[in-house]
Amino acid sequence: MKHTKKWLKLQNLRSNQRFSPLLIRSTISSSAKCYLVPKICPELVTDIKVVKGDWETVGSVRIWKYVAGLSENVSETIESIDDRNKSITFNALDGDITKYYKTFKGIVTVTANGQGSLVKWTLMYEKQNQNIPDPEKYIELVSAITKSVDAYLLKK
Numbered sequence: 555m556k557h558t559k560k561w562l563k564l565q566n567l568r569s570n571q572r573f574s575p576l577l578i579r580s581t582i583s584s585s586a587k588c589y590l591v592p593k594i595c596p597e598l599v600t601d602i603k604v605v606k607g608d609w610e611t612v613g614s615v616r617i618w619k620y621v622a623g624l625s626e627n628v629s630e631t632i633e634s635i636d637d638r639n640k641s642i643t644f645n646a647l648d649g650d651i652t653k654y655y656k657t658f659k660g661i662v663t664v665t666a667n668g669q670g671s672l673v674k675w676t677l678m679y680e681k682q683n684q685n686i687p688d689p690e691k692y693i694e695l696v697s698a699i700t701k702s703v704d705a706y707l708l709k710k
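Using this note's numbering, you'd call the opening residue of the sequence shown number 555 and step up by one each time.
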């Protein structure tokens with residue numbers, strides 16, 4: 555099984571301070587549909603429901619139930635889709651994550667890499683206050699989901 559490098563980056567919106575990237579080795583070998591994630595990694599994501607729009611258009615809203623230490627949920631919208639750069643930007647609207655962060659966005663970018671693809675997550679956030687920790691548990695969550703999707707796709 556060939557693996558490539560994937561970087562997860564954090565960026566604090568208020569100060570534009572960059573944090574050390576976390577190196578994760580992973581290959582995504584084909585596309586995955588969001589609605590399959592609870593079946594692929596039920597220990598991480600217990601449910602995803604569309605509450606407005608559909609699974610893949612800008613403005614669509616979904617509610618995720620997931621485990622990041624404790625069971626949590628988030629209502630998020632697809633803010634933008636960049637077909638040319640193969641990236642999608644998600645914006646948290648409501649839920650547990652908004653208790654800690656005024657702004658929380660996830661950008662996933664996929665680039666071709668041999669027979670697979672390189673996946674890069676960028677998490678951008680603004681803390682509610684200085685006592686809030688950096689979102690390490692969400693880095694771990696997207697990393698674990700990406701690895702689970704990778705393993706699932708490599709079996710197919």
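Beta carbons: idealized from backbone N, C-alpha and C, even for Gly.
Inset, instruction - Within 10 angstroms of the Cβ of G613, are there 16 or more other Cβ atoms? Answer buried if so, exposed if not. - result: exposed
Legend entry - K603 vs I617 beta-carbon contact at 7 Å: yes
Inset, instruction - Give the range of the alpha helix (DSSP H) segment to which E690 is assigned. - result: E690 to K709
Legend entry - Cα-Cα separation, I594 to K710: 12 Å
Legend entry - Span separating the alpha-carbon of Y654 from that of L590: 28 Å
Legend entry - Beta-carbon proximity of E680 to T657, cut-off 7 Å: yes
Legend entry - Simplified DSSP assignment, three categories, for D648: strand
Inset, instruction - Tell me whether the beta-carbon of K701 lies closer than 7 Å to the beta-carbon of V664. - result: no
Inset, instruction - Buried or exposed for R579, please, with buried defined as at least 16 other CB atoms from any protein chain shown within 10 angstroms of its CB. - result: Residue placement at R579 is flagged as unreliable, the pLDDT there being 35, under the threshold of 50; the coordinate-derived value follows with that caveat. The residue is exposed, with fewer than 16 neighbouring Cβ atoms inside 10 Å.
Legend entry - Alpha-carbon to alpha-carbon, K619 and L647: 14 Å
Legend entry - Nearest neighbour of D608, chosen from I632, G623 and V621 [CA to CA]: I632
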